[in-house]
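Here's the structure, in structure tokens; my notes come after.
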Amino acid sequence: MGSCSCDLLYLTLLIYLVAASLWVVVDFTASWCGPCRFIAPILADIAKKMPHVIFLKVDVDELKSVFEEWNVEAMPTFVFIKEGKEVDRVVGDRKQELQQTIVKHAAPALSKG
């Protein structure tokens, strides 16, 4: 899973460029967040199985402007983006809901190409 230490403009540009053709899951996290540490290996395992989905990790302490731009209020928050637009969101370390949401969006993308 990729991580980025960049400003809001760069990350926004990256998301819009990549999201034009691929699904993007942005994981808003923090090093001090216990639930984030719990879900991280689960998300990493999912990411390995879904190479057609771009997984980005954003540390909210390093990129405060990014998490404010995306209206993140709790960690972890997973934002699902397609064609530059948010299409879904999972808040918290809800393993089953996260897996179901990823499959719901990524499976149709996989069958298309």
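With UniProt numbering as the guide, the letters of the sequence shown map in order to residues 1 to 113. The beta-carbon is built from N, C-alpha and C at its ideal position, and this holds for glycine as well. Here the structure is a predicted model, which means the values were calculated and not measured.
- For L43, the enclosing alpha helix (DSSP H) stretches over residues G34 to K49.
- Burial check for W70: the Cβ neighbour count within 10 Å reaches 16 or more, so the residue is buried.
- A74 and V91 have their C-alpha atoms spaced approximately 7 Å apart.
- In this structure, DSSP gives E86 an extended state, which the three-state scheme calls strand.
- Beta bridge pairing from DSSP links W23 with V53.
- By the neighbour-count criterion, in which 16 or more other beta carbons inside 10 Å mark a residue as buried, D93 falls on the buried side.
- Excluding its 5 nearest sequence neighbours in each direction, D88 has C-beta neighbours in its own chain below 7 Å: F80, T101 and H105, listed in chain order.
- If you compare the alpha carbons of V24, R37, K82 and V60 with that of M50, the shortest gap goes to V24.
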